[in-house]
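Using this note's numbering, you'd call the opening residue of the sequence shown number 99 and step up by one each time.
Following: one structure in structure tokens, then a few remarks.
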Amino acid sequence: MAEPQVLFADEPTGALDSLTGEQVMDLLVRAARDRGTTVVLVTHEPRVAACADREVMVRDGRVTTPAVAP
Numbered sequence: 099m100a101e102p103q104v105l106f107a108d109e110p111t112g113a114l115d116s117l118t119g120e121q122v123m124d125l126l127v128r129a130a131r132d133r134g135t136t137v138v139l140v141t142h143e144p145r146v147a148a149c150a151d152r153e154v155m156v157r158d159g160r161v162t163t164p165a166v167a168p
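Structure, rendered in structure tokens:
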């Protein structure tokens, strides 16, 4: 199985029920932590964004200042 350095995920939990969404996020977080994979994801869900080490927000087509997640 390939182990990519970067994994892109566009709304990975958008069409999922909450339990399955949590399982998907757990897989992504573990990939980042255990395999050193960089995960770049797009989401509108605050609970998903809360899993990130860093956020970059786009508003009105402009990238806002990157922020370190709490």
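Quick reminder that beta carbons are idealized off the backbone N, C-alpha and C, glycines included.
No experiment lies behind these values; they were computed from the predicted model shown.
Taking just the CA atoms, how far does residue 152 sit from residue 111? One alpha carbon belongs to residue 111, the other to residue 152, and they sit about 18 Å apart.
So what does DSSP say about residue 115, is it helix, strand or coil? In the three-state reduction of the DSSP assignment, residue 115 falls in the coil class.
Contact belief for residue 161 with residue 154 at Cβ below 8 Å, rounded distance in angstroms: Correct: roughly 6 Å between the Cβ atoms.
Strand pairing of residue 139, partner residues [DSSP]: Per DSSP, 107.
Measure how close the beta-carbons of residue 137 and residue 107 come, nearest whole angstrom, since I'm counting them as under 8 Å. A Cβ-Cβ separation of about 7 Å places residue 137 in contact with residue 107 under the 8 Å criterion.
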